[in-house]
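Residue numbers (full-length UniProt numbering): 1 to 112.
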(Lines of atoms letter the chains of each structure in order from A and count residues from 1; the text may use other names and numbers.)
(Lines give C-alpha, C1' and ligand atoms only; values in the text may rest on other atoms or scores of the structure.)
Protein backbone atom coordinates (compact mmCIF):
# COMPACT_ATOMS: atom_id res chain seq x y z
CA UNK A 1 0.00 0.00 0.00
CA UNK A 2 1.29 3.50 -0.78
CA UNK A 3 2.44 5.68 2.09
CA UNK A 4 2.41 9.41 2.58
CA UNK A 5 3.88 11.84 5.09
CA UNK A 6 2.21 14.75 6.84
CA UNK A 7 4.53 17.41 8.25
CA UNK A 8 3.28 19.59 11.10
CA UNK A 9 3.06 23.36 10.53
CA UNK A 10 6.20 23.94 12.61
CA UNK A 11 8.09 21.32 10.61
CA UNK A 12 9.05 19.35 13.71
CA UNK A 13 6.74 16.35 13.37
CA UNK A 14 6.60 13.96 10.42
CA UNK A 15 3.78 11.41 10.47
CA UNK A 16 3.96 8.58 7.94
CA UNK A 17 0.64 6.87 7.24
CA UNK A 18 -0.86 4.28 4.92
CA UNK A 19 -2.46 6.04 1.95
CA UNK A 20 -4.99 3.77 0.24
CA UNK A 21 -5.31 4.25 -3.51
CA UNK A 22 -8.49 6.13 -4.41
CA UNK A 23 -8.77 8.14 -1.19
CA UNK A 24 -8.11 11.87 -1.08
CA UNK A 25 -5.38 13.40 1.06
CA UNK A 26 -8.19 14.89 3.16
CA UNK A 27 -9.77 11.47 3.76
CA UNK A 28 -6.37 9.97 4.59
CA UNK A 29 -5.71 12.77 7.09
CA UNK A 30 -9.05 12.23 8.81
CA UNK A 31 -8.55 8.45 8.99
CA UNK A 32 -5.25 9.05 10.75
CA UNK A 33 -6.39 11.86 13.07
CA UNK A 34 -4.24 14.45 11.29
CA UNK A 35 -5.47 17.97 12.03
CA UNK A 36 -6.67 18.94 8.53
CA UNK A 37 -10.05 20.66 8.77
CA UNK A 38 -12.01 20.06 5.55
CA UNK A 39 -15.00 22.18 6.61
CA UNK A 40 -16.93 21.51 3.38
CA UNK A 41 -16.24 17.77 3.61
CA UNK A 42 -14.44 17.70 0.27
CA UNK A 43 -17.09 19.40 -1.84
CA UNK A 44 -14.65 22.05 -3.16
CA UNK A 45 -16.47 24.87 -1.37
CA UNK A 46 -13.73 26.07 1.01
CA UNK A 47 -9.96 26.18 1.43
CA UNK A 48 -9.63 24.58 4.88
CA UNK A 49 -7.94 21.43 3.55
CA UNK A 50 -5.12 23.50 2.03
CA UNK A 51 -1.80 21.62 2.10
CA UNK A 52 1.65 22.47 0.80
CA UNK A 53 3.03 19.78 -1.47
CA UNK A 54 6.72 18.90 -1.33
CA UNK A 55 8.22 20.21 -4.59
CA UNK A 56 9.54 16.72 -5.40
CA UNK A 57 5.94 15.48 -5.74
CA UNK A 58 4.17 18.57 -7.06
CA UNK A 59 4.87 17.73 -10.72
CA UNK A 60 3.33 14.26 -10.29
CA UNK A 61 -0.09 15.74 -9.48
CA UNK A 62 -2.73 16.46 -12.06
CA UNK A 63 -3.23 20.17 -12.67
CA UNK A 64 -5.60 22.04 -10.39
CA UNK A 65 -8.98 22.85 -11.88
CA UNK A 66 -10.18 26.42 -12.16
CA UNK A 67 -12.58 25.75 -9.26
CA UNK A 68 -9.72 24.54 -7.06
CA UNK A 69 -7.61 27.57 -8.02
CA UNK A 70 -10.50 29.85 -7.02
CA UNK A 71 -10.70 28.20 -3.58
CA UNK A 72 -6.92 28.26 -3.17
CA UNK A 73 -7.04 32.05 -3.62
CA UNK A 74 -8.81 32.10 -0.22
CA UNK A 75 -6.23 29.91 1.54
CA UNK A 76 -3.99 31.15 4.34
CA UNK A 77 -0.27 30.99 3.57
CA UNK A 78 -0.63 30.14 -0.12
CA UNK A 79 2.56 28.92 -1.84
CA UNK A 80 3.43 27.93 -5.41
CA UNK A 81 2.98 24.24 -4.42
CA UNK A 82 -0.30 24.70 -2.53
CA UNK A 83 -3.21 22.39 -3.29
CA UNK A 84 -6.47 21.36 -1.64
CA UNK A 85 -6.23 17.98 0.06
CA UNK A 86 -9.72 17.04 -1.09
CA UNK A 87 -8.60 17.27 -4.71
CA UNK A 88 -5.51 15.06 -4.49
CA UNK A 89 -6.50 11.44 -5.00
CA UNK A 90 -3.92 8.91 -3.91
CA UNK A 91 -2.43 6.62 -6.54
CA UNK A 92 0.53 4.26 -6.70
CA UNK A 93 2.42 7.01 -8.54
CA UNK A 94 2.12 9.24 -5.45
CA UNK A 95 3.64 6.68 -3.06
CA UNK A 96 5.77 8.63 -0.58
CA UNK A 97 3.87 11.92 -1.09
CA UNK A 98 4.94 14.55 1.44
CA UNK A 99 2.60 17.39 2.43
CA UNK A 100 3.04 20.14 5.01
CA UNK A 101 0.09 21.51 6.94
CA UNK A 102 -0.14 25.32 6.88
CA UNK A 103 0.18 27.33 10.09
CA UNK A 104 -3.50 28.34 9.95
CA UNK A 105 -6.67 27.96 7.90
CA UNK A 106 -9.20 30.48 6.71
CA UNK A 107 -12.80 29.29 7.09
CA UNK A 108 -15.06 31.91 5.55
CA UNK A 109 -18.10 30.50 7.41
CA UNK A 110 -16.45 31.09 10.79
CA UNK A 111 -13.81 33.79 10.21
CA UNK A 112 -15.53 37.14 9.81
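Heads up, the beta-carbon is just placed ideally off N, CA and C, and yes, glycines get one too.
In this text the structure is predicted, and so the values were computed from the model without any measurement.
CA-to-CA distance, residue j to residue i, given in whole angstroms
| i | j | result |
| --- | --- | --- |
| residue 92 | residue 60 | 11 Å |
| residue 49 | residue 70 | 14 Å |
| residue 27 | residue 46 | 15 Å |
| residue 73 | residue 10 | 22 Å |
Same chain, Cβ closer than 6 Å to residue i, neighbours up to 5 away in sequence not counted
| i | result |
| --- | --- |
| residue 32 | 17 |
| residue 7 | 14, 100 |
| residue 79 | 52 |
Residue nearest to residue i in terms of C-alpha spacing, selected from the options
| i | options | result |
| --- | --- | --- |
| residue 160 | 52, 25, 70, 82 | The requested residue 160 does not occur in the structure, where the chain is confined to residues 1 to 112. |
| residue 98 | 73, 51, 77, 68 | 51 |
| residue 104 | 63, 96, 35, 29 | 35 |
Whole-number beta carbon distance between residue j and residue i, since they are thought to touch under 8 Å
| i | j | result |
| --- | --- | --- |
| residue 22 | residue 89 | 7 Å |
| residue 20 | residue 1 | 6 Å |
| residue 44 | residue 66 | Not quite, the Cβ-Cβ distance comes to about 11 Å (not below 8 Å), so this is no contact. |
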